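Per numbering that gives the first Met the number 0, residue 0 is the first one in the first sequence, and the count goes up by one each step.
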Amino acid sequence: MKHWLLKTDPDTFAWKDLENAPGKKTIWDGVRNYQARNLMRDDMSVGDLALFYHSQSDPPLVMGIVSITKTGIADPTQFDRKSKYYDADANPAEPRWMTIEIGLERALPKPVPLPDLRVTRGLENMVLLRRGSRLSVQPVTDKEWTIVLRMGGL
DNA sequence: GCCAACGTTGGC
DNA sequence: GCCAACGTTGGC
Numbered sequence: 000m001k002h003w004l005l006k007t008d009p010d011t012f013a014w015k016d017l018e019n020a021p022g023k024k025t026i027w028d029g030v031r032n033y034q035a036r037n038l039m040r041d042d043m044s045v046g047d048l049a050l051f052y053h054s055q056s057d058p059p060l061v062m063g064i065v066s067i068t069k070t071g072i073a074d075p076t077q078f079d080r081k082s083k084y085y086d087a088d089a090n091p092a093e094p095r096w097m098t099i100e101i102g103l104e105r106a107l108p109k110p111v112p113l114p115d116l117r118v119t120r121g122l123e124n125m126v127l128l129r130r131g132s133r134l135s136v137q138p139v140t141d142k143e144w145t146i147v148l149r150m151g152g153l
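Put into structure tokens, the structure is as follows:
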């Protein structure tokens with residue numbers, strides 16, 4: 000089983016939105032970056048776990064744990080003219096933007112602030128902490144996973 | 001609000 | 001194929 004980190008701007012979709020979603024599940028739509036897409040399409044499996052991270056908050060926080068509940072989903076927003084993620088070049092026969100469905104596993108008892116991650120030994124190479132890192136879907140090593148969960152009170 | 005870093009677009 | 005211009009992300 001692999002571990003991941005999913006970044007989201009809470010103004011767009013927050014942890015509480017996941018808590019309120021039917022079945023506490025959601026399609027992870029709107030990702031428009033090829034590297035992120037490739038990770039979701041090629042490397043994620045049902046049952047993998049991911050950290051749910053709020054960017055653009057003060058401070059940015061790791062909020063909780065989600066699981067990958069479905070893979071190989073064509074992001075419906077690419078075909079939706081009314082969506083801000085609409086892609087005029089997307090072809091329904093060969094969808095460009097593939098995504099996943101996630102389900103809530105559990106909230107971290109203590110959400111972990113980004114500044115704490117930055118000063119924690121063992122996380123020096125975490126993708127999230129790399130300079131200029133903007134990737135919204137990232138791999139997390141087993142070691143990093145264990146450290147972050149412990150910081151979060153698990 | 002600022003701005004560095006990054007990804008994409010498009011002219012050549 | 002190069003690279004300048006542009007738009008976006010996201011920490012601060």
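Glycine included, each C-beta is placed from N, C-alpha and C at the ideal position.
Please read these numbers as outputs of a predicted model, since none were measured by experiment.
| query | result |
| --- | --- |
| Does Leu122 come out as helix, strand or coil in the three-state DSSP assignment? | coil |
| Report the three-state DSSP secondary structure of Pro21 (helix, strand or coil). | helix |
| Enumerated in chain order, which unbroken segments of the alpha helix (DSSP H) with a length of 4 residues or greater are wholly contained in the region 14 to 90? | 14 to 19, 33 to 37 |
| Which residues in the same chain have their Cβ closer than 8 Å to the Cβ of Pro75, if we skip the five residues on either side of it in sequence? | Ile26, Asp28 |
| Measure how close the beta-carbons of Thr119 and Met97 come, nearest whole angstrom, since I'm counting them as under 8 Å. | With a Cβ gap of about 33 Å, Thr119 and Met97 do not count as contacting. |
| Quick one: grab the DSSP three-state call for Met0. | coil |
| Do you know whose CA, among Lys142, Asp115, Ser135, Glu123, lies nearest Asp57's CA? | Asp115 |
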